[in-house]
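A.B. asks: Read left to right, the sequence shown gives residues 12 to 139 (my numbering).
Using N, Cα and C, we set each Cβ at its ideal position, and we do this for glycine too.
Note that the structure is predicted; figures quoted are calculated from it, not measured.
Right, I'll just put the structure down here and ask away after.
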Amino acid sequence: MNKFYFIAPFVVFLIFASIVFTPVFFNAYAATPGQGGDIRTGPLTLQNPLGDRTIIQIINDILDFLIYLSVPLLALMILVGGFQILMARESAEKVKNGFNTIKYATIGFVVILISKGIALVILNILRR
12 MNKFYFIAPF VVFLIFASIV FTPVFFNAYA ATPGQGGDIR TGPLTLQNPL
62 GDRTIIQIIN DILDFLIYLS VPLLALMILV GGFQILMARE SAEKVKNGFN
112 TIKYATIGFV VILISKGIAL VILNILRR
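Right under this line is the structure:
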């Protein structure tokens, strides 16, 4: 029964990640003739997937993505922790595990928010 509590959130996360990342991994573009060459006749070119972005913009985008990903994950882990508390019955250890799940999910979310704040402070210092 205890293995279910560890495996179920992981499976839900994998399903969520597969739905979120599928467009990223399978986003194929067809070659347009006259724009850098045709696949059959023109030269092969490699385009920079980052474009004209700086490292600061990339880090900012990664932190924004982590925040967008962590909000539903926090809600899910709070639900899992609440479910653990409800299903604990009279076991103090299981109640403690439920509270720890909620506590660590909240701490993880706060760490992600603080990392965004630290990145913004460093960015403002570097821009001066």
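What did DSSP end up calling residue 126 once you bin it into helix, strand or coil?
C.D. replies: Start at 1 with the first residue of the sequence shown, and residue 126 comes out as number 115. Correct three-state label for residue 126: helix.
A.B. asks: Assign residue 76 to buried or exposed, taking buried as 16 or more other Cβ atoms, counted over all protein chains shown, within 10 Å of its Cβ.
C.D. replies: Mapped onto the sequence shown, residue 76 falls at position 65. The residue is exposed, with fewer than 16 neighbouring Cβ atoms inside 10 Å.
A.B. asks: Report the three-state DSSP secondary structure of residue 138 (helix, strand or coil).
C.D. replies: Your numbering for residue 138 matches position 127 in the sequence shown. Residue 138 falls in the helix class under three-state DSSP.
A.B. asks: Output the distance between the C-alpha atoms of residue 29 and residue 23, rounded to the nearest integer angstrom.
C.D. replies: Walking along the sequence shown from the start, residue 29 turns up at place 18. Walking along the sequence shown from the start, residue 23 turns up at place 12. Taking the straight line joining both Cα atoms gives about 10 Å.
A.B. asks: Would you mind sorting residue 95 into buried or exposed? The rule is 16 or more other CB atoms within 10 Å of its CB.
C.D. replies: Taking the first residue of the sequence shown as position 1, residue 95 is located at position 84. Under this definition residue 95 is a buried residue.
A.B. asks: Given this structure, state the Cα-to-Cα distance separating residue 87 from residue 66, to the nearest angstrom.
C.D. replies: Looking up residue 87 in the sequence shown gives position 76. Looking up residue 66 in the sequence shown gives position 55. Between residue 87 and residue 66, the C-alpha separation is close to 32 Å.
A.B. asks: Identify the continuous alpha helix (DSSP H) that holds residue 86 and give its terminal residues.
C.D. replies: Here the question's residue 86 lines up with position 75 in the sequence shown. From DSSP, the alpha helix (DSSP H) with residue 86 extends over 66-97.
A.B. asks: Classify residue 19 as buried or exposed, calling it buried when 16 or more other Cβ atoms lie within 10 Å of its own Cβ.
C.D. replies: The count along the sequence shown starts at 1 and reaches residue 19 at position 8. Exposed, because fewer than 16 other Cβ atoms sit within 10 Å of the Cβ of residue 19.
A.B. asks: What separation, rounded to the nearest whole angstrom, lies between the Cα atoms of residue 89 and residue 99?
C.D. replies: Taking the first residue of the sequence shown as position 1, residue 89 is located at position 78. Taking the first residue of the sequence shown as position 1, residue 99 is located at position 88. Computed Cα separation, rounded: 15 Å.
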